[in-house]
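Chains as they are written, first to last, in the numbering used here: chain D, 7 to 378; chain Z, -4 to 616.
By construction, the Cβ of each residue, glycine as well, lies at the ideal position given by its N, Cα and C atoms.
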């Protein structure tokens, strides 16, 4: 009910726009702007309702501002061309004009009107995008209708817990398409900010309170270059702020339910001799921080690795190859300065892992999958 | 003390500047120190752009990069832009209102030395274990987590230099309220004086929140104060509020004097009265007032809730109205005038499109839901560089050329000045215009590197190339300054030929007591009025020639500031080094002892006698 009212309002706004003859200008702008950036990362190629509405606001404000710029530039250029001293004469003393009340009123009132045009949708969207009342809605059987994700930002990785499903993952967010997905956002150490540019604006993960908002995802990520949308940390959080990336996999609701079910039940069994020896090293050195089961709750010391083999990246930013996995384990500090993963010496009796050990660990980790 | 200029040795000149309380010399000190910090901040900017010129670059390390961006921002705002504006406020404002000096010459010197020692202390962090690395905003959770002493240098250094700024602000306020020449009513004050007045009022109200925030931060880091430690019941969002309640007015503290400078330039080089003077004054005051109502637009993504966000959105948009008024009044000032494109005018003409571009992106970010996308992306980096470089820095560069003859009785080369302008101006747009799109394409700010193939490679390279052009522009300016100083050709007063306000009427070189008789102001643009009426001297006097009472110079401001500089080291190493407490006590003892000496010792200044003034007149001609 609430939504239809607001949609009606949006329509009325669009009619208003036509009146202002901005429409054609906006069309040109849309074409120009969407030529910029990558489909999986750019705010100019929005892939969900929130992102699209924010993009519309970008077009509207750019359009209004373009009018202002054009008016200013016309007066500016004409003045410079017409009133150069070389044109008006070296010894001319111009008339000393005091001002003009009429003009003052004109350039006070018109900007106010333009701003009202921008302010109305701004206020409407501000409330709309903060509306998380659907988060608690339940169906006839008392089950939550919407997917809620508890996001915890940590130095420098992301934990995604699905409290209603009893599962947890990290670094790669999996969400269903074509419905509102609700987020509870929090930071575990210092402040970070959760941003998926294609889906919509960012929201900070504060250390002392939980922030809530929602996003929608219209498009399945499978067709994208890496098969995922990109997510970023948008608040300076220390040396490796730039590397605190995450990825977003969007799949339709049916696939999502299957994925969630698999996550709940998967027991990882190492396949093959190499992987088995990798598992042994893992259980002595790594398991204290890294869980490998998808069932569970938030609060991991290190990222949950249940879906490691399905992921797109190692440590959130390096391509998922065996080589990179080994490099990462061998020396996390040099790849992601300031991160909290221990150097191998600290967990392996003061020694680096041998090449064989690294091979085994990589083999084991690459096999951790819920999708294969 | 004789008023007649004698050739002095280097030592005597140095001592003269270390002890001066003369606003004109303090202006030169501010200009030199601010210029030095501007170059340091510029070098930091170049390092940033070199690092980001290509993807996955390893020119600087991640941690060092954060130190560089923090110091770039902090240096440019606190140690370059503000002091450079103070240089012109000091040099010009007392002359514009026909005053003998500022109201408190001693405090004026104290303000400068506090700023300088605070700035030096902050920059010494580079050599003493690392610079601050939590961003110039120093958000609390990160600044508390930051290791080493970087953030301590930030907090203590800004506290000391902030005290200097605060003193300067109060001083300018009292000067403008009390020291205007007869006939200089508020509505006859030149726009630069008006903007100095409003900016000073902003300093008066905006710096206390910063001081409080910095003390909280110092207590948290040094004594476990727990103001911001949420595990102990503190709250980091309080820092964000305190910082931005200061931080947003700070933007207007910078831009309003810039508006003032451009108002003077448009009028002077169009040979025309400023169009809509009274609405310009009104707009200045209104911007200053609204500047305190909008700080939370820096915090739209913090989660303040839709009502707060909506209110601050609309309030922020409201600022566009008085700012727009100013733009149109400037355009109407040159409209129908006689425009002479000198270097200062070139900067003023370059300012209009640059600042309008920065202004409209500000409006875009005022729309909260859109800001969720733009916030902390490269879009905001582009925006604030458009207003600060396109507004404040262009104004400072314009003022350097405009007021150089006033301050030094020499003219900077117009030819080299134009080269500087074009390199800087083209480089500036090249560097920052493209960054709007980087932001829209998903690039967060403050990233020390970026992965290839995210669509950001080319634009970042273009941005870095632009930065080189800007650097070339600044280098040409430095060359220009050196050549001009070496040549030392005197130009006399009113070198631009169309001066309108009192500062151009005063004879050059300006006597240390400024006006030998207090002038009588007969209207807006009083020098212009006198010239139009054929008054050769350019001034009507409000009093007969008589003895002039002047303050003595003093080394105490320098010593007092030095004490706080020393004490800061003690505070910084407290609990870590054995010598920390003794050094803290020693530093404070120096400061308090100099305060005591200042209070106990009577210093009535001296009189310049009528006969000497007349003799001096002869000497100058």
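query, result
"Unbroken alpha helix (DSSP H) run spanning residue 47(Z), endpoints", "Neither: residue 47(Z) is in no alpha helix (DSSP H) and is coded neither H nor E."
"Three-state secondary structure assigned by DSSP to residue 440(Z)", "coil"
"Reduced DSSP category for residue 593(Z) - H, G, I as helix; E, B as strand; rest coil", "helix"
"Per-residue contacts from residue 67(D) into chain Z (C-beta, under 7 Å)", "358, 359, 362, 365"
"Beta-carbon neighbours of residue 436(Z), restricted to chain D and to distances below 9 Å", "42, 43, 44, 47, 48, 49, 50, 203"
"N-terminal and C-terminal residue of the alpha helix (DSSP H) that residue 201(D) is part of", "Element bounds for residue 201(D): not the alpha helix (DSSP H) but the beta strand (DSSP E), 198 to 202."
"Under 8 Å from the C-beta of residue 243(D): neighbouring residues of chain Z", "137"
"Three-state secondary structure assigned by DSSP to residue 613(Z)", "Interpretation of residue 613(Z) is limited by its pLDDT of 49, a score under 50 that renders its predicted location unreliable; no figure is taken from the coordinates."
"Length of the line joining the Cα atoms of residue 513(Z) and residue 549(Z)", "25 Å"
"Span of the beta strand (DSSP E), counted from its first residue to its last, around residue 544(Z)", "543 to 545"
"Continuous alpha helix (DSSP H) stretch holding residue 417(Z): start and end", "409 to 435"
"Residue 138(D) in three-state terms, based on DSSP", "coil"
"Contacts that residue 91(D) makes with chain Z (C-beta to C-beta distance below 7 Å)", "333, 334, 335"
"Buried or exposed (CB count within 10 angstroms, at least 16 for buried), residue 108(Z)", "buried"
"Contact with chain D by residue 225(Z), beta-carbon distance below 7 Å", "yes"
"DSSP three-state assignment for residue 144(D), whether helix, strand or coil", "strand"
"Any C-beta of chain D under 7 Å from that of residue 312(Z)", "yes"
"Stretch-stretch touch, CB-based, cutoff 8 Å, three pairs: the segment 156 to 167 of chain Z with the segment 214 to 231 of chain Z", "no"
"Distance, residue 364(Z) Cα to residue 111(D) Cα", "30 Å"
"Cutoff 7 Å: residue 610(Z) Cβ touching any chain D Cβ", "no"
"Min CB distance residue 52(Z) to chain D below 7 Å", "no"
"For residue 181(D), the three-state DSSP class (helix, strand or coil)", "strand"
"Beta-ladder partner(s) of residue 165(Z), from DSSP", "Partner(s): none; residue 165(Z) has no beta bridge."
"Cβ-based neighbour list, residue 457(Z), same chain, cut-off 7 Å, excluding 5 preceding and 5 following", "425, 429"
"Beta-carbon proximity check, residue 257(Z) vs residue 346(Z), cutoff 7 Å", "yes"
"Bridge partners - residue 257(D), DSSP secondary structure assignment", "182(D)"
"Rounded distance between the beta-carbons of residue 79(Z) and residue 33(Z), thought under 8 Å", "7 Å"
"Proximal residues of chain D, C-beta to C-beta of residue 266(Z) below 7 Å", "99, 100"
"Residue 215(Z): contacting residues in chain D (beta-carbon distance under 7 Å)", "Within 7 Å Cβ-Cβ: nothing; residue 215(Z) doesn't reach chain D, min ~14 Å."
"Given residue 371(Z) as reference, the closest of 97(Z), 116(Z), 435(Z), 332(Z) once Cα atoms are compared", "435(Z)"
"Residues that residue 322(D) contacts on chain Z, provided the C-beta gap is smaller than 8 Å", "None at all; the shortest Cβ gap to chain Z is about 11 Å."
"Contacts that residue 194(D) makes with chain Z (C-beta to C-beta distance below 8 Å)", "Those within 8 Å of residue 194(D) in chain Z number zero; the least Cβ separation is about 11 Å."
"Pairwise C-alpha distance: residue 303(Z) and residue 294(Z)", "10 Å"
"Against chain D: residues of the segment 194 to 211 of chain Z by CB proximity under 9 Å", "none"
"For residue 183(D) and residue 257(D), believed in contact at Cβ under 8 Å, the rounded distance", "7 Å"
"Chain-ordered residues of the segment 290 to 322 of chain Z with a beta carbon less than 7 Å from chain D", "296, 297, 298, 300, 301, 304, 305, 308, 309, 312, 315, 316, 319, 320, 322"
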